[in-house]
DNA sequence: CTAATATGCAACCATTTGGTTGCCTGTCAA
DNA sequence: TTGACAGGCAACCAAATGGTTGCATATTAG
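Dropping the structure here:
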C-alpha cells in the first residue's frame, strides 16, 4: 500500500494515470507528449507506477503499451479512506468545536 | 491537493492520522509515543500534515493539541478517486483482456 | 543491409526529504 | 524563585527523489 501512496504523491504520475484513464493502452512516446521533460524522466515515473501495480504493460513490436490498473486505487478507497468516513457530515463542525476549546464535555 | 497527496505519502504521517482518528486531540508528546524517532522528527511530520490542512492544532497551556481534519481526504475521495470508479467491477477483466492482446476489436 | 523509430540502461547531478542534535522559550508545580 | 515539563527553532547530515545526458538494443521501413 505504501508503494501506491508514494506513487500517487507526484503530480506528473497522477497526470499519467489521468492520461491513461482518458485513453488506455498508450505507448511510452504518446505518454511523453505534453510533458516538459525527457523521455527517460517519464520512463522512470512509469516504472514507479508499474512497481505500485497502478500500470501494467505489454510489448507490441517495438512499442510498449501502458494500461491503467485502478485496483490499488480502489483498495485505498476501501481500506484506508473508508475508515475516515463515518462522521463525514459532522466532521467540520466537530473540528470547529474542538478548536474552540472545551476539552471534554466536562467544563 | 498536491500537498495532501504528498502528506499522505509517508507511512509515519498516515500512522499519525490513524492515531488521531482513534483518539482526537492528542498532544505532541502523546503522538510521539510508539514512534522510534525523536520528538523533532514527529514535529516535522505534524507540520507537514498541518500545512496540508489534515491536522489542526490548538494550544492549551504548555501543551499543543492536535485534531484530525478529514476534509482534504474526502476531497481526494470525491474529486480524484471517484473519477476512476466507473467500471469498477469490470476493471480487472478489462485489464486482463488488454494485456492478452487484441489492440482493437479488429484483429 | 541501412536508416529511422521506439525503447532500455547506466552514470551523473541538484534538490528535497527525513532524520539528528543542541539549545531556547514558555508554562506548571513546589 | 527554581526546577521540571512541553514544545519550538535552527544547523546539520545522509539518503532518496526527480531530473539530465550519452549510448545501446530491438524492431520496422526502404
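Protein chains in written order, with the working numbering: chain A, 1 to 107; chain B, 1001 to 1107. For every residue, glycine included, the Cβ atom is placed at its ideal position computed from N, Cα and C.
Report the three-state DSSP secondary structure of residue i (helix, strand or coil).
i               : result
residue 54(A)   : coil
residue 1020(B) : helix
residue 60(A)   : strand
residue 3(A)    : helix
residue 1012(B) : helix
Between which two residues does the alpha helix (DSSP H) containing residue i stretch?
i               : result
residue 1100(B) : 1091–1100
residue 63(A)   : Here residue 63(A) belongs to no alpha helix (DSSP H); instead the beta strand (DSSP E) covers 63–68.
residue 84(A)   : Looking at the DSSP string, residue 84(A) is not in any alpha helix (DSSP H), and its letter there is neither H nor E.
residue 1033(B) : Residue 1033(B) -> no alpha helix (DSSP H), and no H or E assigned at all.
residue 1073(B) : 1071–1075
How would you label residue i, buried or exposed, when you count the other beta carbons within 10 angstroms and need 16 or more for buried?
i               : result
residue 1014(B) : buried
residue 1072(B) : buried
residue 1006(B) : buried
residue 1066(B) : buried
residue 1021(B) : exposed
residue 1047(B) : exposed
residue 77(A)   : buried
residue 89(A)   : exposed
residue 1008(B) : buried
residue 92(A)   : exposed
residue 26(A)   : buried
Leaving out the 5 sequence neighbours to the left and right, which residues in its chain are closer than 8 Å to residue i when beta-carbon positions are compared?
i               : result
residue 1079(B) : 1001
residue 1043(B) : 1028
residue 1031(B) : 1016, 1019, 1020, 1042, 1046 and 1066
residue 1059(B) : 1065
Taking 7 Å as the limit between beta carbons, can you name the residues of its chain near residue i, skipping five residues before and five after?
i               : result
residue 1069(B) : 1053, 1054, 1055 and 1056
residue 3(A)    : 51 and 52
residue 1024(B) : 1067 and 1068
residue 1037(B) : none
residue 86(A)   : none
Just checking residue i against the ligand FMN - is the residue's beta carbon closer than 8 Å to any of the ligand's heavy atoms?
i             : result
residue 28(A) : The ligand FMN is not part of this structure, which contains no ligands at all.
Going by beta carbon distance, what residues of the same chain come within less than 6 Å of residue i, once the five residues before and after it are set aside?
i               : result
residue 1012(B) : 1045
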